[in-house]
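First the structure, in the form of structure tokens, and then the observations on it.
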Amino acid sequence: MVETSGLAPAPQSDAVREALAWAHTARFFTTASQLNQLPAGDLPELAFVGRSNAGKSSSINCLAQRRQLAFASKTPGRTQHINLFALGPKDTPDAYLADLPGYGYASVERGAKLRWQKVMADYLEVRRNLAGVVLLVDSRLGFTALDERLLQFIQPRVVNGEVRLLVLLTKADKLNRREQQAALDGAQERLGALASEAADIGVLLFSAPKAQGLGDLAETVRSWIRPSAGEGSPASTPDAEPDAGGH
């Protein structure tokens, strides 16, 4: 199923409060310009990726409930490293949040752009620790050609259930309710092509300034690490067929 969420706020459950507390433990761990610089071991990683100016840094900071955890460059597209943030207990983290470089900003020098885009593509295609991808898409624009290309990179791993996918429709506060529903419907229709019995795919309306969708986001990504804690999460439920309506 491609599950949608975010049109109407829901009461904050114990599971959401626990997930938010877990997300609040996020702290900087390391930065890497190549895959071989990433930590060894088997801790799962949650990758946040999206087009430059899609609101990735703001969304990460909102999730962690910290103002400056993820750095937003004054020049979009200049960040060319994978930044890892540890989650969970201080001495024994149980996951990493991976902040991947933004893509699609024209002013970046071509050679540099190609280098870090290859690193990002390799990470998404082969990184064994990757448990889930949060793809940030500007809700006003929908999927761009570059977003479609990124979906192609991860499609095999999503379809076979190896990697979970949540599409975060950012800047939802810029849309009225009708436009929000249209954005959800459009994303759900596109992602229906990835649906399978094994796939775990979600779509969520999100606004960092308004914290719209924050609880659902936290609960969903935590469920990727601890499935029993997030069963029934409104933004992430696997099935073979796309659901026809949002809620």
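First residue of the sequence shown? That's 990 in my numbering, and the numbers climb one at a time after it. Even glycine gets a Cβ: it sits at the ideal position worked out from N, Cα and C.
The alpha carbon of Gly1091 has as its nearest neighbour, out of His1013, Tyr1085, Ile1071, the alpha carbon of Ile1071. Taken through DSSP and simplified to helix, strand or coil, Thr1020 comes out as strand. Thr1209 counts as buried, since no fewer than 16 other beta carbons sit within 10 angstroms of its beta carbon.
In chain order, Ala1021 place their CB closer than 6 Å to the CB of Leu1027, counting only its own chain and leaving out the 5 sequence neighbours on each side. Put simply, the backbone Cα of Arg1055 is about 18 Å away from that of Pro1082. Residues of the same chain with a CB within less than 8 Å of the CB of Asn1025, apart from the 5 flanking positions on each side, do not exist. When the five nearest sequence neighbours on each side are left out, the beta carbons in the same chain lying within less than 7 Å of the beta carbon of Gly1039 are those of Lys1045, Gly1091, Leu1124, Leu1125, Val1126, in order along the chain. Phe1037 and Leu1086 do touch by the CB rule: their CB atoms are close to 7 Å apart, below 8 Å. Counted as a single uninterrupted DSSP element, the stretch harbouring Arg1153 is not any alpha helix (DSSP H) but the beta strand (DSSP E) occupying residues 1153–1159.
A residue is called buried once 16 or more other Cβ atoms fall within 10 Å of its Cβ, and Ser1212 is buried on that count. Phe1195 counts as buried, since no fewer than 16 other beta carbons sit within 10 angstroms of its beta carbon.
Less than 8 Å divides the Cβ of Ile1214 from the Cβ of Ala1084. Judged by DSSP in its simplified three-state form, Ala1010 adopts helix. Within 10 angstroms of the beta-carbon of Val1122 lie 16 or more other beta-carbons, which makes it buried. Boundaries of the beta strand (DSSP E) harbouring Phe1037: 1034–1039, taken from the DSSP string. For Ala1120, the enclosing beta strand (DSSP E) stretches over residues 1119–1127. Note that the C-beta distance between Leu1203 and Leu1052 is below 8 Å. Per the C-alpha coordinates, the member of Asp1003, Pro1198, Leu1009, Glu992 positioned closest to Ala1207 is Leu1009. Asp1088: member of the beta strand (DSSP E) spanning 1084–1088, first to last residue. Rounded to whole angstroms, the separation of the alpha carbons of Lys1199 and Val1108 is 33 Å. The DSSP-derived three-state label of Asn1165 is coil.
Per DSSP, the continuous beta strand (DSSP E) segment holding Leu1194 begins and ends at 1190–1194. Of all alpha-carbon atoms in Arg1146, Gly1093, Leu1140, the one lying nearest the alpha-carbon of Arg1117 is that of Arg1146. Contact between Gly1093 and Leu1135 holds, with the beta-carbon distance rounding to 5 Å and staying under 8 Å.
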